[in-house]
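A quick write-up on the structure given underneath.
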Amino acid sequence: MKLLVLNGSPHAGEGNTAALTAELLKPWREAGGEVAERYLARMDIRPCIAEARCLVGEPCPIKDEVDSIHREMRSADALVLASPVYVFSVTAQLKAFLDRSMSLLHRPEMTGKHAVAVATSAGMGEQETARYLGACCEMMGYNLVGELAGVFMVYTRPNDRDSLFAKAQRLGEELVEAVREKRKYPKLGIHAAKHRFLRDLIQRNRKLFKGDYAYWKERGWLETRWPPKGEY
Ligand SMILES: Cc1cc2nc3c(=O)[nH]c(=O)nc-3n(C[C@H](O)[C@H](O)[C@H](O)COP(=O)(O)O)c2cc1C
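Residue numbers 442 to 673, in my numbering, belong to the letters of the sequence shown in order.
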């Protein structure tokens, strides 16, 4: 079992987001699962320049480390997408990576894999940010096992931290079981609706979204009802 962590914090391994993620991953490590952690702020990830080549199905003209992260996502069984809250949203580093991953959000290649979204804050915006990260995972096709939002304030009472860390571990246990049992999570109910929207968008813009169109057509997803029978 291989799991990839993408963490948007510049604090890398020493921050609150890394601490909460470490708790979440205890059950995974105890189960003998492999973990690869990538700190996007330490990597070469440049912003999207909107040439839209990825939509057409051509390689991105920017040559940096984004492609290698996508390869790691494809080869892992699970993803933890994590960020501190910066001005009510994810960090610029993580946002740049997500913008550059637009083709993955248009082609649910990660269907069958599992994900957890993690956001930490000083008290404002962590729920919304975790939801945003969760929605991105769902768009990429992941079974979203859960969203974890944590508040880290200097005056956080120890019992708050204890209950947050306990919650993280419970979610981590569920993640292990979900991957082992290949559980499906249409839990939040928006998965299918988002993909239905995407199908219509791609069909209507088939000239511009040539790469997406070919991908969806090859799988027979444009003609059939969504979600395809048995997928969810
Ligand atoms: C530029 C910047 C913007 C921030 N914006 C918010 C915010 O909007 N809401 C909030 O509650 N905390 C905000 N914070 C605090 C961080 O979200 C919080 O300390 C987080 O747990 C840091 O995680 P890390 O140690 O993994 O980097 C901000 C911090 C920085 C540096």
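Virtual Cβ for every residue (Gly too), placed ideally from N, Cα, C.
Every value quoted in this text rests on a predicted model; they were computed, and no experiment measured them.
Q) What distance in whole Å lies between the Cβ atoms of A590 and E614, which are believed to be in contact at a cut-off of 8 Å? A) Not confirmed; about 18 Å, so no contact.
Q.
So if DSSP puts P488 in a beta bridge, which residue, or which two residues, is it bridged to?
A. According to DSSP, which records beta bridges pairwise, P488 is partnered with nothing at all.
Q.
I'd like to know whether the C-beta atoms of G652 and L496 end up nearer to each other than 9 Å.
A. yes
Q: Tell me whether N421 counts as near ligand 1, meaning its Cβ is closer than 8 Å to at least one heavy atom of that ligand.
A: Absent from the structure is residue 421, since the part of the chain shown begins at 442 and ends at 673.
**Q.** Residue environment, M580, which counts as buried when at least 16 other CB atoms sit within 10 Å
**A.** buried
Q. If we call anything under 9 Å between Cβ atoms a contact, is R637 one with L663?
A. no
Q: Take the Cβ of F529 as the centre, count every other Cβ of all protein chains shown within 10 Å, and call the residue buried at 16 or more, exposed below.
A: exposed
(Q) So if I measure from each beta-carbon to every heavy atom of ligand 3 and keep distances below 5 Å, which residues remain? (A) Questions concerning ligand 3 fall outside what the structure shown contains, since the ligands it does hold are ligand 1.
Q: Under the assumption that T462 contacts A523 (Cβ atoms under 8 Å), give the Cβ distance between them as a whole number of angstroms.
A: 5 Å
Q.
Assuming contact is defined by CB atoms lying nearer than 9 Å, are L574 and E588 in contact in what I supplied?
A. Yes.
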